[in-house]
Amino acid sequence: MVVIAKRKASHQVVDAVCGMLRGGGYRVGERLPSEQELGAELGVSRSTVREAVRELTALGVLEIQLGRGTFVRSLRPDLLLRGDSLVEEPNDRIREELLEVRGIVEPEAAALAAIRATDEDIERLRYDVERLAEAAGRGMAPPEDLGFHLDLVRATHNAALWRVSGAIISFYQWDGQLPTEQDAVDHRAIYEAVRDHDPSRARQAMRDHLAGPTVAGHTARPAASAPLTREPGAGA
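The sequence shown begins at 8 in my numbering and counts up by one.
Have a look at this one:
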(Lines of atoms letter the chains of each structure in order from A and count residues from 1; the text may use other names and numbers.)
(Lines give C-alpha, C1' and ligand atoms only; values in the text may rest on other atoms or scores of the structure.)
Protein backbone atom coordinates (compact mmCIF):
# COMPACT_ATOMS: atom_id res chain seq x y z
CA MET A 1 0.00 0.00 0.00
CA VAL A 2 1.30 3.47 -0.94
CA VAL A 3 0.65 5.92 1.89
CA ILE A 4 0.56 9.56 0.84
CA ALA A 5 2.45 12.24 2.74
CA LYS A 6 0.55 15.17 4.25
CA ARG A 7 2.08 17.85 2.03
CA LYS A 8 -0.06 18.59 -1.05
CA ALA A 9 -2.04 15.45 -0.33
CA SER A 10 -4.87 16.09 -2.80
CA HIS A 11 -2.43 16.46 -5.69
CA GLN A 12 -0.67 13.29 -4.68
CA VAL A 13 -4.04 11.51 -4.65
CA VAL A 14 -4.58 12.79 -8.19
CA ASP A 15 -1.23 11.32 -9.22
CA ALA A 16 -2.03 8.03 -7.49
CA VAL A 17 -5.41 7.69 -9.20
CA CYS A 18 -3.90 8.57 -12.59
CA GLY A 19 -1.30 5.87 -11.98
CA MET A 20 -4.05 3.35 -11.25
CA LEU A 21 -5.82 4.28 -14.47
CA ARG A 22 -2.62 4.16 -16.53
CA GLY A 23 -2.00 0.68 -15.12
CA GLY A 24 -5.17 -0.60 -16.73
CA GLY A 25 -7.06 -1.28 -13.53
CA TYR A 26 -10.21 0.48 -14.73
CA ARG A 27 -12.07 0.92 -18.00
CA VAL A 28 -14.09 3.89 -19.24
CA GLY A 29 -17.50 3.82 -17.58
CA GLU A 30 -16.32 1.76 -14.62
CA ARG A 31 -17.07 2.91 -11.08
CA LEU A 32 -14.20 3.82 -8.75
CA PRO A 33 -14.08 2.71 -5.10
CA SER A 34 -15.85 4.95 -2.61
CA GLU A 35 -14.14 7.96 -1.03
CA GLN A 36 -13.81 6.02 2.20
CA GLU A 37 -12.20 3.04 0.45
CA LEU A 38 -9.76 5.19 -1.53
CA GLY A 39 -8.90 7.21 1.57
CA ALA A 40 -8.17 4.06 3.55
CA GLU A 41 -6.00 2.63 0.76
CA LEU A 42 -3.97 5.82 0.32
CA GLY A 43 -3.86 6.88 3.97
CA VAL A 44 -5.70 10.20 3.57
CA SER A 45 -9.03 11.67 4.68
CA ARG A 46 -12.24 11.50 2.68
CA SER A 47 -12.03 15.28 2.32
CA THR A 48 -8.65 14.97 0.59
CA VAL A 49 -10.04 12.29 -1.74
CA ARG A 50 -12.98 14.56 -2.62
CA GLU A 51 -10.60 17.40 -3.53
CA ALA A 52 -8.67 15.09 -5.84
CA VAL A 53 -11.83 13.73 -7.44
CA ARG A 54 -13.01 17.29 -8.10
CA GLU A 55 -9.75 18.10 -9.89
CA LEU A 56 -9.86 14.92 -11.97
CA THR A 57 -13.48 15.66 -12.82
CA ALA A 58 -12.49 19.14 -14.00
CA LEU A 59 -9.78 17.58 -16.17
CA GLY A 60 -12.31 15.25 -17.77
CA VAL A 61 -10.78 12.06 -16.34
CA LEU A 62 -13.61 11.24 -13.93
CA GLU A 63 -17.33 11.93 -13.79
CA ILE A 64 -19.43 12.31 -10.64
CA GLN A 65 -22.96 10.91 -10.93
CA LEU A 66 -25.17 12.02 -8.07
CA GLY A 67 -26.41 9.09 -6.04
CA ARG A 68 -24.31 6.59 -8.00
CA GLY A 69 -20.66 7.42 -7.39
CA THR A 70 -17.56 8.38 -9.38
CA PHE A 71 -16.90 6.85 -12.78
CA VAL A 72 -14.01 6.82 -15.26
CA ARG A 73 -14.79 9.21 -18.09
CA SER A 74 -11.58 9.18 -20.14
CA LEU A 75 -8.28 7.28 -20.30
CA ARG A 76 -6.61 9.66 -22.75
CA PRO A 77 -2.84 9.65 -22.11
CA ASP A 78 -2.58 13.45 -22.32
CA LEU A 79 -5.01 13.72 -19.40
CA LEU A 80 -3.45 11.00 -17.27
CA LEU A 81 0.06 12.41 -17.78
CA ARG A 82 -1.00 15.99 -17.08
CA GLY A 83 1.03 18.62 -15.28
CA ASP A 84 0.06 18.96 -11.63
CA SER A 85 -1.34 22.45 -11.90
CA LEU A 86 -1.46 25.67 -13.87
CA VAL A 87 1.40 26.93 -11.69
CA GLU A 88 3.64 24.92 -9.37
CA GLU A 89 5.11 27.76 -7.31
CA PRO A 90 2.57 30.59 -7.06
CA ASN A 91 3.64 34.11 -6.17
CA ASP A 92 1.86 37.42 -5.75
CA ARG A 93 2.04 38.27 -9.47
CA ILE A 94 0.54 34.91 -10.44
CA ARG A 95 -2.21 35.33 -7.85
CA GLU A 96 -3.10 38.75 -9.22
CA GLU A 97 -3.13 37.46 -12.79
CA LEU A 98 -5.32 34.49 -11.90
CA LEU A 99 -7.72 36.76 -10.04
CA GLU A 100 -7.97 38.89 -13.19
CA VAL A 101 -8.78 35.77 -15.21
CA ARG A 102 -11.42 34.74 -12.70
CA GLY A 103 -12.91 38.23 -12.83
CA ILE A 104 -13.27 37.91 -16.60
CA VAL A 105 -14.44 34.30 -16.78
CA GLU A 106 -16.52 33.48 -13.72
CA PRO A 107 -19.18 36.24 -13.82
CA GLU A 108 -20.00 35.35 -17.42
CA ALA A 109 -19.92 31.66 -16.54
CA ALA A 110 -22.43 32.33 -13.77
CA ALA A 111 -24.70 34.18 -16.21
CA LEU A 112 -24.45 31.37 -18.75
CA ALA A 113 -25.16 28.79 -16.05
CA ALA A 114 -28.31 30.71 -15.11
CA ILE A 115 -29.49 30.29 -18.69
CA ARG A 116 -28.48 26.66 -19.25
CA ALA A 117 -28.55 24.95 -15.85
CA THR A 118 -30.61 21.77 -15.67
CA ASP A 119 -32.45 20.50 -12.61
CA GLU A 120 -29.50 18.18 -11.92
CA ASP A 121 -27.03 21.09 -12.15
CA ILE A 122 -29.11 23.11 -9.70
CA GLU A 123 -29.28 20.18 -7.29
CA ARG A 124 -25.47 19.88 -7.35
CA LEU A 125 -25.08 23.57 -6.59
CA ARG A 126 -27.62 23.36 -3.76
CA TYR A 127 -25.66 20.47 -2.23
CA ASP A 128 -22.38 22.42 -2.47
CA VAL A 129 -23.94 25.51 -0.88
CA GLU A 130 -25.43 23.61 2.04
CA ARG A 131 -22.24 21.70 2.78
CA LEU A 132 -20.15 24.88 2.69
CA ALA A 133 -22.56 26.66 5.04
CA GLU A 134 -22.23 23.79 7.53
CA ALA A 135 -18.43 23.71 7.35
CA ALA A 136 -17.55 27.41 7.19
CA GLY A 137 -18.61 28.04 10.77
CA ARG A 138 -16.40 25.16 11.95
CA GLY A 139 -13.24 26.44 10.23
CA MET A 140 -13.07 23.51 7.85
CA ALA A 141 -12.43 23.52 4.11
CA PRO A 142 -14.72 21.05 2.36
CA PRO A 143 -14.22 20.45 -1.37
CA GLU A 144 -17.70 21.93 -1.84
CA ASP A 145 -16.09 25.39 -1.68
CA LEU A 146 -14.04 24.79 -4.80
CA GLY A 147 -16.58 22.28 -6.05
CA PHE A 148 -19.24 24.98 -6.18
CA HIS A 149 -17.17 26.95 -8.66
CA LEU A 150 -16.50 23.85 -10.76
CA ASP A 151 -20.14 22.78 -10.68
CA LEU A 152 -21.18 26.29 -11.67
CA VAL A 153 -18.95 26.12 -14.75
CA ARG A 154 -20.19 22.60 -15.41
CA ALA A 155 -23.72 24.04 -15.53
CA THR A 156 -22.73 26.16 -18.55
CA HIS A 157 -22.41 22.93 -20.58
CA ASN A 158 -19.35 24.39 -22.29
CA ALA A 159 -16.54 21.80 -22.32
CA ALA A 160 -13.76 24.29 -23.17
CA LEU A 161 -14.77 26.60 -20.33
CA TRP A 162 -14.87 23.58 -18.01
CA ARG A 163 -11.28 22.60 -18.84
CA VAL A 164 -9.88 26.12 -18.47
CA SER A 165 -11.61 26.63 -15.14
CA GLY A 166 -10.34 23.28 -13.88
CA ALA A 167 -6.74 24.43 -14.34
CA ILE A 168 -7.41 27.58 -12.33
CA ILE A 169 -9.23 25.70 -9.58
CA SER A 170 -6.19 23.41 -9.24
CA PHE A 171 -4.15 26.41 -8.09
CA TYR A 172 -6.66 27.29 -5.39
CA GLN A 173 -6.57 23.72 -4.09
CA TRP A 174 -2.80 24.17 -3.77
CA ASP A 175 -3.20 27.51 -2.00
CA GLY A 176 -5.37 26.12 0.77
CA GLN A 177 -7.22 29.21 2.04
CA LEU A 178 -10.18 28.43 4.29
CA PRO A 179 -13.70 29.59 3.36
CA THR A 180 -15.59 32.02 5.60
CA GLU A 181 -19.24 32.43 6.52
CA GLN A 182 -19.37 35.33 4.05
CA ASP A 183 -18.25 32.93 1.30
CA ALA A 184 -21.22 30.73 2.19
CA VAL A 185 -23.55 33.73 1.92
CA ASP A 186 -22.01 34.69 -1.44
CA HIS A 187 -22.33 31.17 -2.81
CA ARG A 188 -25.98 31.02 -1.81
CA ALA A 189 -26.69 34.31 -3.60
CA ILE A 190 -25.07 32.97 -6.77
CA TYR A 191 -26.91 29.66 -6.45
CA GLU A 192 -30.29 31.35 -5.97
CA ALA A 193 -29.76 33.49 -9.07
CA VAL A 194 -28.88 30.40 -11.12
CA ARG A 195 -31.82 28.49 -9.64
CA ASP A 196 -34.12 31.36 -10.65
CA HIS A 197 -32.52 31.46 -14.14
CA ASP A 198 -31.62 35.13 -13.69
CA PRO A 199 -28.34 35.72 -15.61
CA SER A 200 -27.93 39.39 -14.67
CA ARG A 201 -28.28 38.63 -10.98
CA ALA A 202 -25.95 35.65 -11.21
CA ARG A 203 -23.30 37.74 -12.97
CA GLN A 204 -23.44 40.49 -10.33
CA ALA A 205 -23.46 38.03 -7.43
CA MET A 206 -20.29 36.42 -8.76
CA ARG A 207 -18.63 39.82 -9.24
CA ASP A 208 -19.45 40.69 -5.63
CA HIS A 209 -18.02 37.39 -4.44
CA LEU A 210 -14.75 37.80 -6.36
CA ALA A 211 -14.36 41.34 -4.98
CA GLY A 212 -14.68 40.07 -1.40
CA PRO A 213 -11.75 39.68 1.01
CA THR A 214 -11.45 35.89 0.84
CA VAL A 215 -10.99 35.62 -2.92
CA ALA A 216 -9.04 38.87 -3.29
CA GLY A 217 -6.91 37.77 -0.33
CA HIS A 218 -5.32 35.11 -2.51
CA THR A 219 -3.30 37.90 -4.14
CA ALA A 220 -1.35 38.61 -0.94
CA ARG A 221 -1.53 35.49 1.23
CA PRO A 222 1.44 33.09 1.19
CA ALA A 223 0.37 29.65 0.05
CA ALA A 224 1.47 27.93 3.24
CA SER A 225 -0.11 30.37 5.69
CA ALA A 226 -3.55 28.74 5.88
CA PRO A 227 -3.32 24.97 5.70
CA LEU A 228 -6.50 23.01 5.18
CA THR A 229 -8.15 21.81 8.35
CA ARG A 230 -8.49 18.04 8.26
CA GLU A 231 -11.61 16.16 9.19
CA PRO A 232 -11.66 14.98 12.81
CA GLY A 233 -9.86 11.67 13.08
CA ALA A 234 -8.58 11.83 9.49
CA GLY A 235 -5.36 10.12 8.59
CA ALA A 236 -3.97 13.04 6.62
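Cβ atoms here follow ideal geometry from the backbone N, Cα and C, with glycine treated the same way.
Pair within 7 Å by beta-carbon distance, Ala120 and Leu168:
By one-based count along the sequence shown, residue 120 stands at place 113. By one-based count along the sequence shown, residue 168 stands at place 161. No.
Residue of Arg61, Thr77 and Glu48 minimising C-alpha distance to Tyr5:
Nothing can be reported for residue 5: it is not among the residues displayed for the chain, which extend from 8 to 243.
Within 8 Å, do at least three Cβ pairs link the region 125 to 137 to the region 209 to 221?
no
Kindly indicate which three-state DSSP category Ile163 falls into: helix, strand or coil?
As a first step, residue 163 must be located in the sequence shown, where it is residue number 156. The displayed chain sequence assigns Thr, not Ile, to residue 163. Correct three-state label for Thr163: coil.
Would you kindly report the start and end of the unbroken alpha helix (DSSP H) that includes Leu106?
Here the question's residue 106 lines up with position 99 in the sequence shown. Unbroken alpha helix (DSSP H) run through Leu106: Asp99 to Arg123.
Does the beta-carbon distance from Leu105 to Ile197 come in below 7 Å?
By one-based count along the sequence shown, residue 105 stands at place 98. By one-based count along the sequence shown, residue 197 stands at place 190. Not closer than 7 Å, so no.
Under a Cβ-count criterion, where at least 16 other Cβ atoms within 10 Å of its own Cβ denotes burial, should Thr125 be classed as buried or exposed?
On the sequence shown, position 118 is the one that residue 125 refers to. With fewer than 16 Cβ atoms within 10 Å of its Cβ, Thr125 is classed as exposed.
Rounded to the nearest angstrom, what separates Ala118 and Ile111 at their Cα positions?
Your numbering for residue 118 matches position 111 in the sequence shown. Your numbering for residue 111 matches position 104 in the sequence shown. Distance between the alpha carbons of Ala118 and Ile111: 12 Å.
Figure out for me which residue from Glu115, Arg133 and Ala16 has the closest Cα to the Cα of Gly46.
By one-based count along the sequence shown, residue 46 stands at place 39. It is Ala16 whose Cα lies nearest to the Cα of Gly46.
Can the beta-carbon of Arg202 be found less than 7 Å from the beta-carbon of Ile129?
By 1-based counting over the sequence shown, the position of residue 202 is 195. By 1-based counting over the sequence shown, the position of residue 129 is 122. Their beta carbons are under 7 Å apart, which means Arg202 touches Ile129 by this criterion.
Roughly how many angstroms separate the alpha carbons of Arg131 and Ile71, rounded to a whole number?
Looking up residue 131 in the sequence shown gives position 124. Looking up residue 71 in the sequence shown gives position 64. About 10 Å.
Could you tell me whether the Cβ atoms of Val20 and Ala59 are closer together than 7 Å?
To locate residue 20, count along the sequence shown from 1; it is residue 13. To locate residue 59, count along the sequence shown from 1; it is residue 52. Cβ atoms of Val20 and Ala59: closer than 7 Å.
Residues in its own chain within less than 6 Å of Ser207 by CB, not counting five upstream and five downstream?
The count along the sequence shown starts at 1 and reaches residue 207 at position 200. Answer for Ser207: no residue qualifies.
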